[in-house]
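So the sequences go chain by chain: A and B.
Using the working numbering, you'd call the opening residue of the first sequence number -2 and step up by one each time.
Using the working numbering, you'd call the opening residue of the second sequence number 5 and step up by one each time.
Built from N, CA and C at the ideal position, the CB exists for glycine as well.
Right, one structure below, let's go through it.
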Amino acid sequence: MSRALTFLAALTLALPLFNAAAAGEAAKPAIVIANPGTQCIAPPEEMRRDHMEMLKHQRNRTMRLGERGAKVSLNACVDCHASKTTGSVLSGKQSNPDGFCEACHAFAAVKLDCWDCHQPKAGYKAAEATPAPEGSKP
Amino acid sequence: MNAPDNKRRALLATAGVGAAGLVVAPGIRLIEAATAADAPKTTLASSKVRWGMLVDTTKCKSDCNACVTACNKENSIVEEVADPRQRSQWVRKIDLVEQRTGKQHSLPMMCQHCTNPPCVDVCPTGASFKRADGLVLVDRHICIGCRYCMMACPYKARSFVHEPLTTQNPEMPRGVGCVESCTFCVQRIDRGLQPACTEACPEGAMLFGDLNDDNSAIAKRLKEVASTQVRAELKLDTGVRYQGI
């Protein structure tokens, strides 16, 4: 009994130390939920672990099979998770990026190429096309 | 013999559902149970459909670029490119002149959505593919940008994106290092709309629809009028047909 107590006490004392050490290495990712009233497509613990698998699975189904209206959709993630201040899931910052889809990734050193093609801004609409260029009619 | 077996199965099935409903413990993911409960309505491309287009070149005006403009807007092909020759073109206007008579024809040229697409044959990664409903697309998630397909295409219908983009519409992702081409506006036809070019043509020269459906306007028209497949000798069985050339 007393040994267990000592262990607990030691743990309680040590914990802040661990935290401080962690903070010294890298700031914990700041996750800001843009639409707190809404429901994600799965519970947060499942989302944290599985969102990459969900996206890759659905990407093939939409692209190859033409599946539309599925629960998982990258555009839907962006629409619901884009920041209220920047309108985007990316912050555009070089250091300590805090956009929803980049804070964790920067922390975990994951680099996505999705945004080469996929629009990170919610509800984005491209401006009118520039006048027909030379060469569009040979 | 059969009846008791079935009963037992039915009982087992109910027990299974009960268990799934009750014992959803944290960490145990019952994917079947979850999707059955709140599965959203989804649609898939069907091989019963064969999308195609009939272009009436007698109505197509040489000085009109409406289809190209509409395509660029829908698919946000709006970026500035340093070298205009590198600009993406999903559809372009072509003028044909009969040398002896001087008779002019104008027509839009784009991916012909072949039944036997050479671009798919040559693709080393399987990124160029044909969807069940006949659309020939690039799965840009696995395109490595080798551009074999651009060489293989007899219609010069594909483009390569040379520079990073930021102006994509969410419905049509496009990006550097990949080949792209006309998709018949897949993002629109999957919602029951017409391709942007077809809708925009002021002369009504483009007719889009299901070649397999005998009652579709395009199938009926193809039975009435003479139509041409460009470079029919290649036997690619194009989805795009032209009338009047």
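If contacts are defined as beta-carbon pairs under 8 Å, then residue i and residue j qualify, I think. What distance do you get, rounded to the angstrom?
i       : j       : result
A209(B) : K63(B)  : 4 Å
C147(B) : A131(B) : 4 Å
W55(B)  : F164(B) : With a Cβ gap of about 24 Å, W55(B) and F164(B) do not count as contacting.
C186(B) : V95(B)  : 6 Å
A55(A)  : N173(B) : In the sequence as displayed, the identity of residue 55(A) is Gln instead of Ala. Not really, about 19 Å apart at Cβ, beyond 8 Å.
C153(B) : C127(B) : 6 Å
If you reduce the DSSP assignment to three classes, tell me which class residue i lands in.
i       : result
W112(A) : helix
C78(A)  : Before going on, a small fix: residue 78(A) reads as His here, not Cys. The answer is helix: DSSP assigns H78(A) an H, G or I state.
V126(B) : helix
S133(A) : The pLDDT assigned to S133(A) is 44, lower than 50, so where the model puts this residue is not dependable; a value taken from the coordinates is nonetheless given after this. Coil, per DSSP.
Q90(B)  : helix
V27(B)  : Unreliable positioning characterises V27(B) in this predicted model, as indicated by a pLDDT of 43, which lies under 50. A coordinate reading is not provided.
L169(B) : coil
M176(B) : coil
R192(B) : helix
A14(B)  : Residue confidence for A14(B) is low, a pLDDT of 46 falling below 50, so the modelled location carries little weight and cannot support an answer.
E184(B) : strand
T202(B) : helix
Going by DSSP, what residue range makes up the beta strand (DSSP E) through residue i?
i       : result
R104(B) : Premise fails: R104(B) is in no beta strand (DSSP E) and is neither H nor E.
K53(A)  : Per DSSP, K53(A) belongs to no beta strand (DSSP E); it is in the alpha helix (DSSP H), 41 to 62.
L87(A)  : Note, L87(A): premise wrong, no beta strand (DSSP E); not H, not E.
R245(B) : 244 to 247
Q108(B) : 108 to 114
V140(B) : 140 to 142
V59(B)  : 55 to 60
K65(B)  : It is not in any beta strand (DSSP E) - K65(B) carries neither H nor E in the DSSP assignment.
K77(B)  : It is not in any beta strand (DSSP E) - K77(B) instead sits in the alpha helix (DSSP H) that spans 70 to 78.
L211(B) : 210 to 214
S132(B) : 132 to 134
Nearest-angstrom Cα distance between residue i and residue j?
i       : j       : result
E78(B)  : A200(B) : 7 Å
C118(B) : K118(A) : 35 Å
D76(A)  : E203(B) : 28 Å
A123(A) : T105(B) : 44 Å
V101(B) : Y159(B) : 18 Å
P88(B)  : A70(B)  : 20 Å
N216(B) : R45(A)  : 45 Å
V29(A)  : S80(A)  : 8 Å
D95(A)  : L87(A)  : 7 Å
I32(B)  : D241(B) : Since pLDDT at I32(B) reaches only 46, below the 50 mark, its modelled position is unreliable, and no value is offered.
E228(B) : Q247(B) : 11 Å
G84(A)  : L226(B) : 48 Å
Check for me: the alpha helix (DSSP H) holding residue i runs from which residue to which?
i       : result
F104(A) : 97 to 105
L226(B) : 221 to 228
A156(B) : 152 to 156
If you measure from the beta carbon of residue i to each beta carbon in chain C, is any gap under 8 Å?
i      : result
V86(A) : Note that chain C does not occur in the displayed structure, where the protein chains are A and B.
Quick one: is the Cβ of residue i within less than 7 Å of any heavy atom of ligand 2?
i      : result
N32(A) : This structure lacks ligand 2, and indeed carries no ligand of any kind.
Open item on the list: Counting only Cβ-Cβ distances shorter than 8 Å, please list the residues of the stretch 176 to 197 of chain B near chain A, keeping chain order.
Closed with: Going along the stretch 176 to 197 of chain B in chain order, one finds P177, R178, G179, V180, G181, C182, V190, D194, R195 with a Cβ nearer than 8 Å to chain A.
Open item on the list: Counting only Cβ-Cβ distances shorter than 9 Å, please list the residues of the stretch 131 to 145 of chain B near chain A, keeping chain order.
Closed with: So the close ones are F133, R135, A136, D137, L139, L141, D143, R144, H145.
- [ ] Output, in sequence order along the chain, the residues in the stretch 69 to 91 of chain B whose CB is closer than 8 Å to any CB in chain A.
- [x] Result list: N69, V72, T73, N76, K77, S80, I81, V82, E84, P88, R89, R91.
TODO: Compile a chain-ordered list of the residues in the stretch 162 to 176 of chain B whose CB is closer than 8 Å to at least one CB of chain A.
DONE: Cβ contacts with chain A come from P168, L169, T171, Q172, N173, P174, E175.
Task: Positions along the stretch 45 to 69 of chain B whose CB lies within less than 7 Å of some CB in chain A - done: The stretch 45 to 69 of chain B vs chain A, Cβ under 7 Å: K45, T46, T47, L48, A49, N69.
TODO: Output, in sequence order along the chain, the residues in the stretch 71 to 103 of chain A whose CB is closer than 9 Å to any CB in chain B.
DONE: Look at the stretch 71 to 103 of chain A: the residues with a C-beta under 9 Å from a C-beta of chain B are L71, N72, V75, D76.
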